[in-house]
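Have a look at the structure below before the remarks.
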Amino acid sequence: MIEPVPDKGGAYVRFPYDIRKEFGKGRVKAEITFDGEPYCGSIVNMGVKNPDGSICYIIGIRKEIRNKIGKQPGDQVTVTVKEV
């Protein structure tokens, strides 16, 4: 689900894995698609926490991509990720 960045107008999706365990680093550059729309970006930690208090890694979704796919915070989106 697309989540809002409070007071900033931005949005992101949560990455459901600990990237330090999965990739051995704290920032992962990736080729990403949102509902098939391609984007080159990173999986990062921006201070967001999971409900259990653990570190949450996120992928930001640019406004132009949200507009292209017709999705906004609160909407479900299909995401694919490939490390580059």
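Going letter by letter, the sequence shown gives residues 40 to 123 in the numbering used here. Heads up, the beta-carbon is just placed ideally off N, CA and C, and yes, glycines get one too.
In the structure shown, the three-state DSSP call for Lys60 is helix. Within the stretch 74-113, complete alpha helix (DSSP H) segments of at least 4 residues are found at 102-108, given in chain order. Annotation: Thr117 is outside any beta strand (DSSP E) and is labelled neither H nor E by DSSP.
Residue pairing by DSSP leaves Val123 without any beta bridge partner. Cβ-Cβ distances below 6 Å link Thr119 to Thr72 in the same chain, with the five nearest sequence neighbours on each side left out; the list follows chain order. Straight-line measurement puts the Cα of Gly49 at about 11 Å from the Cα of Ile98.
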